[in-house]
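Peer 1:
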Amino acid sequence: MQASRARLFKEYKEVQREKVADPDIQLVCDDTNIFKWTALIKGPSETPYEGGVFQLAFAVPEPYPLQPPQVRFLTKIFHPNVHFKTGEICLDILKNAWSPAWTLQSVCRAIIALMAHPEPDSPLNCDSGNLLRSGDVRGFNSMARMYTRLAAMPKKG
Amino acid sequence: MAAKEIADGSSPIDEGSDPCPICLGPIFQESYLDTCFHKFCFNCIKRWIRVVSSKVSKKLSSVKCPLCKRENISIIHNYDGYSFDRHYVDRNITDGFVLTKEQRYRLQCYYTESGFLADVFDVPRFWKMKKLLQPNRWREAWLRRELQALMQEEDVDIVLHHLVGVMDSFSTRIAQRRKQEARSAETNQEQFKSVIAEAAHPFLMARTDRFVDEVELFLASGLNVEAYDAIYKQRLGWNNPREIGAANEAREEEEENRRTRATPFLFLFDEDSD
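Residue numbers (the UniProt record's numbering), protein chains in the order written: chain V, 1 to 157; chain G, 1 to 274.
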């Protein structure tokens with residue numbers, strides 16, 4: 001069995017146990033492919049994402065954990081560090097600052113932290129980054145909240 | 001979010017209470033980074049260092065701990081309660097300091113019992129005849145290889161120079177003292193060994209005592225490096241590299257005969273001694 005498979009299996013078992021411990025993250029492994037995962041994360045409170053549930057897609061590379069997993073948002077989100085169309089995430093730990101001590105679970109936590117603390121100086125979504133950089137926090141919050149309502153919340157009947 | 005949080009996560013990841021942070025399995029061949037002492041499987045951390053070094057153009061001399069990001073220059077492993085080995089990050093690409101075949105053989109000698117060749121070389125006679133005062137031109141070559149094997153480093157010049165200096169000044173002291181007060185061979189032997197041990201200890205640590213025995217044995221043998229090795233290897237029961245490949249039965253039988261007779265080496269020694 002490859003090292004990556006063995007490690008993902010360990011993570012799987014851990015996720016099953018930790019489910020209750022972290023109610024903000026729900027990590028699910030694909031039924032047929034242990035290298036494909038999806039996660040549902042709750043938008044952090046006191047942010048325009050509060051109340052939303054965001055879906056992430058993980059594609060785990062063969063050399064994992066020596067290489068980071070590829071993660072993107074499946075749910076539309078208005079955030080300076082997330083590509084508006086593809087859902088690609090600009091986060092150092094998913095690139096150069098990756099460490100094999102991170103797990104899929106802890107990557108989810110890092111993404112939640114990124115949602116609460118955007119980095120407008122390395123934007124993938126320039127419109128969003130520009131709003132924050134020009135100091136228009138109110139404008140940013142209102143756009144982000146609108147998209148949260150549109151894409152990340154259950155439709156009200 | 002600090003990476004440390006992962007390590008200190010509330011519940012342990014596996015049945016094993018302290019899993020390797022890289023494979024998340026029980027730690028295999030426990031090893032530690034030298035600054036932060038975080039623990040990993042030897043192969044896991046080695047693989048990670050290889051990945052990191054493949055991403056930089058310069059030669060890597062230190063690596064950030066995957067858990068705490070502190071810089072470390074080596075992995076400490078093979079700790080057995082007395083000694084340990086260090087695997088340096090800057091040598092990781094070539095998979096560590098590569099011991100030559102001869103250095104590897106010397107290292108293996110250190111796993112045999114001390115005094116294993118005591119019957120072959122006449123060590124007391126060496127001291128009685130004050131043969132330490134005679135120059136031994138193979139001494140430095142032998143010491144260099146010994147230090148390289150034990151320290152697993154290529155460049156041992158400083159330690160070598162230091163040991164040679166200590167030996168020479170000890171010899172000079174004996175030579176001068178001879179005129180005034182003669183001291184017993186045993187005292188000289190004891191003092192020699194303690195002086196060498198003191199000089200070598202900072203570098204060889206737990207292997208110092210055995211090293212001193214080996215130095216004494218080599219000097220007492222009066223042999224060159226090759227001849228000394230031949231006897232050592234024969235005693236270890238290893239095949240001489242020259243014989244591999246051309247192993248016809250007649251030669252093996254002859255070899256067998258020579259091995260069972262222990263005396264030829266005493267003869268060798270005597271021939272060389274006067």
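Ideal Cβ positions, reconstructed from N, Cα and C, are used throughout, including at glycine.
Treat the numbers as computed from the prediction; the structure is a model and nothing was measured.
Hey, does Leu66 (chain V) have any beta-carbon neighbour from chain G nearer than 8 Å?
Peer 2: Taking Cβ atoms only, chain G reaches closer than 8 Å to Leu66 (chain V), which makes this a yes.
Peer 1: My output table needs one value for residue 275 (chain G): the three-state DSSP class, helix, strand or coil.
Peer 2: This structure cannot speak to residue 275 (chain G), because chain G is shown only from 1 to 274.
Peer 1: Does the CB of Ser99 (chain V) have a neighbour CB from chain G at under 8 Å?
Peer 2: Closer than 8 Å to some Cβ of chain G, the Cβ of Ser99 (chain V) qualifies, so yes.
Peer 1: With 16 other CB atoms within 10 Å as the buried threshold, where does Ile89 (chain V) fall?
Peer 2: The residue is buried, with at least 16 neighbouring Cβ atoms inside 10 Å.
Peer 1: Can you check whether the CB of Ile27 (chain G) is closer than 8 Å to the CB of Lys39 (chain G)?
Peer 2: Taking 8 Å as the Cβ cut-off, Lys39 (chain G) and Ile27 (chain G) qualify as a contacting pair.
Peer 1: From Glu14 (chain V) to Leu147 (chain G), what does the alpha carbon distance come to, in whole angstroms?
Peer 2: Going by the C-alpha atoms only, they are around 47 Å apart.
Peer 1: Rounded to a whole number of angstroms, what is the C-alpha to C-alpha distance between Val225 (chain G) and Ile231 (chain G)?
Peer 2: In a straight line, the C-alpha of Val225 (chain G) is about 10 Å away from that of Ile231 (chain G).
Peer 1: I'd like to know whether the C-beta atoms of Gly87 (chain V) and Thr148 (chain V) end up nearer to each other than 8 Å.
Peer 2: It is not a contact, given that the beta carbons lie outside the stated cut-off.
Peer 1: What residues match up with Ala59 (chain V) in a beta bridge as DSSP calls it?
Peer 2: Ala59 (chain V) pairs with V:Lys36 and V:Gln70.
Peer 1: Along chain G, which residues have their Cβ under 8 Å away from the Cβ of Arg138 (chain V)?
Peer 2: What Arg138 (chain V) touches in chain G: nothing, since even the nearest Cβ is about 27 Å away.
Peer 1: At a Cβ threshold of 8 Å, is Pro21 (chain G) touching chain V?
Peer 2: By this cut-off, Pro21 (chain G) is an interface position.
Peer 1: From the DSSP output, in three-state form, read off Asp29 (chain G) for me.
Peer 2: The sequence shown places Gln at residue 29 (chain G), rather than the Asp named in the question. In this structure, Gln29 (chain G) counts as coil in the three-state DSSP scheme.
Peer 1: Tell me which same chain residues have a C-beta within less than 7 Å of the C-beta of Asp24 (chain V), skipping the five on either side of it?
Peer 2: The answer, listed in chain order, is Ile41, Lys42 and Ile112.
Peer 1: Tell me the DSSP secondary structure of Glu71 (chain G) in three-state form.
Peer 2: Three-state result, Glu71 (chain G): strand.
Peer 1: Can you name the residues of chain V whose CB is closer than 9 Å to the CB of Trp48 (chain G)?
Peer 2: Those within 9 Å of Trp48 (chain G) in chain V are Pro65, Leu66, Ser99 and Pro100.
Peer 1: So the beta strand (DSSP E) Gln26 (chain V) belongs to, where does it begin and stop?
Peer 2: Note, Gln26 (chain V): beta strand (DSSP E), Ile25 to Cys29.
Peer 1: Report the residue from V:Ser99, V:Trp98, V:Pro80 and V:Ala6 whose alpha carbon sits nearest the alpha carbon of Val137 (chain V).
Peer 2: With distances taken between Cα atoms, Val137 (chain V) lies closest to V:Pro80.
Peer 1: Given Cys41 (chain G), which residues of its chain have a CB within under 8 Å of its CB, disregarding the five upstream and five downstream residues?
Peer 2: Only Cys20, Ile22, Cys23, Gly25, Ile27, Phe28, Gln29, Glu30 and Ser31 meet the Cβ criterion.
Peer 1: Quick one: is Arg5 (chain V) near chain G, going by C-beta distance under 8 Å?
Peer 2: No, no contact with chain G.
Peer 1: Going by DSSP, what residues sit across from Val82 (chain V) in a beta bridge?
Peer 2: Val82 (chain V) is bridged to V:Ile89.
Peer 1: List, in chain order, every chain V residue whose beta-carbon is nearer than 9 Å to that of Val51 (chain G).
Peer 2: In chain order: Pro63, Leu66, Gln67 and Pro100.
Peer 1: Does any CB atom of chain V fall closer than 8 Å to the CB of residue 275 (chain G)?
Peer 2: This structure gives no information on residue 275 (chain G), because the portion of chain G shown stretches from 1 to 274.
Peer 1: Quick one: is Thr94 (chain G) near chain V, going by C-beta distance under 8 Å?
Peer 2: Unreliable positioning characterises Thr94 (chain G) in this predicted model, as indicated by a pLDDT of 49, which lies under 50. The coordinate reading is nonetheless provided below. It does not: the Cβ of Thr94 (chain G) has no partner Cβ on chain V nearer than 8 Å.
Peer 1: Is the CB-CB distance between Leu107 (chain G) and Ile75 (chain G) below 8 Å?
Peer 2: Not a contact, by the Cβ cut-off of 8 Å.
Peer 1: Buried or exposed: where does Cys108 (chain V) fall if 16 or more other Cβ atoms within 10 Å of its Cβ makes it buried?
Peer 2: By the 10 Å Cβ count, Cys108 (chain V) comes out buried.
Peer 1: DSSP on Asp85 (chain G), reduced to helix/strand/coil?
Peer 2: Strand.
Peer 1: Inspect the beta-carbon positions of Pro66 (chain G) and Ser4 (chain V) and report whether they are closer than 8 Å.
Peer 2: No.
Peer 1: Excluding five sequence neighbours on each side, which residues of the same chain lie with their C-beta closer than 7 Å to the C-beta of Glu15 (chain G)?
Peer 2: Because the pLDDT at Glu15 (chain G) is just 47, under 50, the model does not fix this residue reliably, and the value given afterwards should be weighed accordingly. There are no such residues.
Peer 1: Less than 8 Å between the CB atoms is what I'm expecting for Phe84 (chain V) and Asn125 (chain V), so what's the real figure, rounded?
Peer 2: Indeed they touch by this definition, with Cβ atoms about 5 Å apart.
Peer 1: For Ile196 (chain G), tell me which candidate among G:Met167, G:Leu217 and G:Glu186 has the shortest Cα-Cα distance.
Peer 2: Of G:Met167, G:Leu217 and G:Glu186, the residue nearest in Cα terms is G:Met167.
Peer 1: For His87 (chain G), count neighbouring Cβ atoms within 10 angstroms of its own Cβ and tell me buried if that reaches 16, exposed if not.
Peer 2: By the 10 Å Cβ count, His87 (chain G) comes out buried.
Peer 1: Can the beta-carbon of Leu217 (chain G) be found closer than 8 Å to that of Leu150 (chain G)?
Peer 2: Taking 8 Å as the Cβ cut-off, Leu217 (chain G) and Leu150 (chain G) do not qualify as a contacting pair.
Peer 1: By Cβ distance, which residues of its chain are closer than 7 Å to Thr75 (chain V), with the 5 residues on each side in sequence left out?
Peer 2: Around Thr75 (chain V): Phe54, Gln55, Ala151 and Ala152.
Peer 1: Measure from the alpha carbon of Arg235 (chain G) to the alpha carbon of each residue in G:Val212, G:Asp155 and G:Phe116, then state which is nearest.
Peer 2: Answer by Cα proximity: G:Phe116.
Peer 1: Just the Cα atoms here: how many angstroms apart are Val120 (chain G) and Pro202 (chain G)?
Peer 2: Going by the C-alpha atoms only, they are around 30 Å apart.
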